[in-house]
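Residue numbers (numbering that gives the first Met the number 0): 0 to 431. To keep things clear, I will list the structure first and then write my remarks on it.
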Amino acid sequence: MMYFRRTRLAALAATGVAALGLTACAPAAPEADGPVTIQFWSMPFGGHTEDDVRGYVDEFNAAQDDVVVEFTGLQWADGRDKIIQAVGAGTGPDVFIMAPVNQDFLSSGALAPLTDLGYTADDIDPFLDVMESAAGHEGEVYGVPIGYYANVLYYNQTILSEYGYDGPPETWDELKEIAAAITTGSGGEVMGFQIKGMDDHLNAINHTWANFFYAAGGTQLTDDFSTANANTPAGVEALEYLKSFVAEGITTPGPNAVGGFIDGTIAMFAFQQLHLPEIKASGLADEWSLAVMPEGPESRSAYVDGEFLVANAATEHPEAVGTFLKWMTSPEQAVRYLERAPIFPYELDKVDEDVRAAVEAILADDPARAALLDQLPLASGENIMYERYSQAARWEAQKQYLVAAINGDMAVEDALAAIDAAVNEALEVAGY
């Protein structure tokens with residue numbers, strides 16, 4: 000594990016985010032008698048609604064008498080900024096959600112390591128090893144996973160079969176070949192492959208880009224964590240490949256990937272498993288499923304992240320926080336989350352037999368999820384870690400410059416250089 004100099008916690012409050020739009024809740028003060036009260040801020044996670052999350056908190060509160068959790072629901076549109084502002088100002092909650100774990104918080108000492116919350120090595124051991132890359136820092140682990148998300152290929156086998164293909168593409172060449180055959184053969188009525196993020200979900204371009212960049216052998220940072228690394232042969236190869244879909248008329252930016260998949264006008268797209276409930280609820284009658292991402296020049300690696308619960312280092316009730324975290328992220332709770340979307344974050348051979356049976360039943364009932372389990376271990380732990388550094392700057396720059404390059408409005412090398420410049424500036428400011 001690399002070591003970094005710590006920055007001031009106050010720097011988090013000076014990141015330029017919007018002002019906090021709700022009353023900040025400082026960690027609860029010690030109480031002389033009665034249960035300990037802690038504050039929990041969270042956005043909806045794992046395909047749940049705010050009411051679902053509130054329901055879990057109510058269950059925890061009703062299950063014991065020692066800890067009372069007060070829940071504040073946030074939205075993903077601005078929830079991250081509200082958490083950053085509050086914690087940076089020293090007025091944040093005891094527990095909050097992160098997706099992914101933010102490196103600024105880790106480097107500044109804003110998060111409590113799990114060992115300070117009563118976790119032992121035996122408590123941490125059953126979790127999947129990806130936990131170390133996603134939430135580890137300087138020999139400690141700072142977040143407990145709700146579940147993981149792996150980018151995979153959504154494909155409509157009914158459409159593929161109409162054009163003579165008996166399965167999803169295995170390589171980049173096959174992806175482009177099949178997509179071109181469908182777009183051309185249908186006279187443009189069905190798009191063979193949509194580049195998700197070139198539609199009305201612009202933020203998804205960050206996922207799409209990482210999928211192909213990683214498969215080309217790209218890494219987000221140099222190995223000393225000091226410099227952005229997009230403008231490299233791997234970056235050029237990946238971006239030229241994506242651009243070719245538009246340049247050759249295979250893909251037309253604009254139509255919504257998920258909506259088109261549901262109505263049969265898009266045959267393939269790549270993203271996390273979060274769209275599974277939506278597609279299933281649509282009643283799509285075609286045969287469709289998920290597949291591991293097509294193999295690129297170097298690998299089949301793709302973007303993987305997770306949703307984590309973390310603790311404020313300033314909490315005055317670490318034991319109570321640990322009790323709540325262990326309940327919210329227990330194997331039994333993880334089964335409930337798995338029913339919606341996330342990948343189960345535990346090793347199956349390290350959980351109770353009844354939990355293992357419940358997980359296996361869910362997977363047996365939904366065979367498409369097998370691709371997620373195959374994709375997860377193909378992820379680069381190095382890139383999972385790199386993604387934590389200056390992520391906000393990277394994602395904003397990528398949305399602007401990748402789209403411009405794919406549409407042919409900017410040279411590929413210029414777009415990648417602009418992304419690197421934005422990330423390098425953020426790295427310098429952060430002073431990791």
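Even glycine gets a Cβ: it sits at the ideal position worked out from N, Cα and C. Keep in mind the model is a prediction, meaning the values are calculated, not measured.
How long is the line joining the alpha carbons of residue i and residue j, rounded to whole angstroms?
i: D353; j: A109; result: 37 angstroms
i: N255; j: N150; result: 17 angstroms
i: T479; j: K325; result: The structure shown does not extend to residue 479, since the chain is modelled only from 0 to 431, so the question has no answer here.
i: F211; j: Q63; result: 47 angstroms
i: A313; j: T36; result: 14 angstroms
i: I261; j: V245; result: 22 angstroms
i: L289; j: D65; result: 44 angstroms
i: G78; j: E176; result: 41 angstroms
i: N311; j: G166; result: 47 angstroms
i: S106; j: D80; result: 18 angstroms
i: A178; j: L152; result: 13 angstroms
i: A396; j: E424; result: 12 angstroms
i: Y141; j: M130; result: 9 angstroms
i: Q219; j: A417; result: 14 angstroms
i: Q399; j: D351; result: 47 angstroms
i: T251; j: I181; result: 13 angstroms
i: V281; j: M327; result: The residue you asked about is not Val; residue 281 is Ser in the sequence shown. Between S281 and M327, the C-alpha separation is close to 30 angstroms.
i: A360; j: A429; result: 46 angstroms
i: A278; j: G258; result: In the sequence on display, residue 278 carries Ile and not Ala. About 9 angstroms.
i: S132; j: D198; result: 31 angstroms
i: G321; j: R355; result: 24 angstroms
i: V358; j: V411; result: 44 angstroms
i: L426; j: A229; result: 14 angstroms
i: L283; j: P232; result: 40 angstroms
i: P276; j: L174; result: 25 angstroms
Would residue i and residue j be called neighbours here (beta carbons separated by less than 8 angstroms)?
i: G216; j: I204; result: no
i: D419; j: A227; result: yes
i: I249; j: G295; result: no
i: P293; j: W394; result: no
i: I83; j: S41; result: no
i: P92; j: P344; result: no
i: I123; j: L116; result: no
i: Q272; j: Y148; result: yes
i: A301; j: Y213; result: yes
i: V100; j: F323; result: no
i: I405; j: I194; result: yes
i: Y336; j: G138; result: no
i: A98; j: D304; result: yes
i: A237; j: V291; result: no
i: V56; j: P43; result: no
i: K242; j: G89; result: no
i: I158; j: D365; result: no
i: F224; j: Y431; result: yes
i: A85; j: P317; result: no
Please determine, among the options, the residue with the shortest C-alpha to C-alpha distance to residue i.
i: Q390; options: S132, H274, K242, V422; result: V422
i: N155; options: A246, Y345, I265; result: I265
i: L347; options: A410, D128, H47; result: D128
i: F39; options: S379, A319, V402, K279; result: A319
i: D222; options: E381, E427, L415, Y400; result: E381
i: L401; options: G234, G163, A425; result: G234
i: M409; options: E239, K349, E188; result: E239
i: G146; options: A367, T251, R339; result: R339
i: G72; options: A414, V94, S225; result: V94
i: W287; options: P252, S298, M267; result: M267
i: P125; options: G33, P330, Q399; result: P330
i: S185; options: E161, G321, H136, H206; result: E161
i: G187; options: L415, G263, N60; result: G263
i: W75; options: N202, V189, A61; result: N202
Which class does residue i belong to by DSSP, given the choice of helix, strand or coil?
i: D304; result: strand
i: W40; result: strand
i: M97; result: strand
i: E139; result: strand
i: G87; result: helix
i: L422; result: The amino acid at residue 422 is misidentified as Leu; the sequence shows Val. Helix.
i: E69; result: strand
i: G216; result: coil
i: T221; result: coil
i: L362; result: helix
i: M384; result: helix
i: G430; result: coil
i: Y154; result: strand
i: L110; result: strand
i: T207; result: helix
i: I177; result: helix
i: P92; result: coil
i: F126; result: strand
i: T48; result: coil
i: Y345; result: strand
Measure from the C-beta of residue i to each C-beta in chain D and report whether the shortest distance is under 8 angstroms.
i: T114; result: You won't find chain D in this structure, because it holds only one protein chain.
Subject >> Secondary structure, alpha helix (DSSP H): runs of 4+ residues fully inside the segment 232 to 317 >> reply: 232 to 246, 256 to 262, 275 to 281
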